[in-house]
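Residue numbers (my numbering): -4 to 145. Okay, so here's the structure we're looking at.
So this is what it looks like as structure tokens:
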């Protein structure tokens, strides 16, 4: 997830793995414990954090002998990082549901001629492609169709 290009035109920007790493270190207070939780090596996570701090232009952590402490900038950035990560995860989940059409209910209201002559063939194909979607059809005159769906 790059948010901009560098001056030389090559990809640059904040990466999702950097945001995940930042939040995990902030939660655990330790690069080694965060790396373990993320199933990556400590040097990999350290490189991601350095890249993120370089991209943001400010240190996010104070490195101490007792672990990692958030700087004021790090504390200020946490809610934005959490929202960004949550939005990306929610977006991925929404796309997955659309792509798999996993389940749901489809309510169709149509005029008698459409219900009789058009919908049967279309719904047969739809139900075959999306077996976990429940389909209901209501038939009514054109002026009643909107009310039938609601």
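The C-beta atom is built at its ideal place from N, Cα and C for all residues, glycine as well. Every value quoted in this text rests on a predicted model; they were computed, and no experiment measured them.
- Taking a contact as a CB-CB distance under 8 Å, the pair residue 57 and residue 14 does not count as one, their CB atoms being some 19 Å apart.
- Per DSSP, the beta-bridge partners of residue 102 are 131.
- Along the length of the region 4 to 77, whole alpha helix (DSSP H) runs at least 4 residues long occupy 11 to 23, 26 to 33, 37 to 51, reported in chain order.
- The residues 26, 27, 30, in chain order, have a CB closer than 6 Å to that of residue 37 in the same chain once the five nearest residues on each side in sequence are set aside.
- The continuous stretches of alpha helix (DSSP H) do not include residue 113, and DSSP gives it neither H nor E.
- About 6 Å separates the Cβ atoms of residue 21 and residue 65, confirming a contact at the 8 Å cut-off.
- Annotated as distal: residue 110 and residue 128, with beta-carbon spacing of 9 Å or more.
- Residue state for residue 107 is assigned as helix, using DSSP reduced to three classes.
- Distances from the CA of residue 72 to each of 60, 136, 130, 17 were compared; the closest alpha carbon is that of 17.
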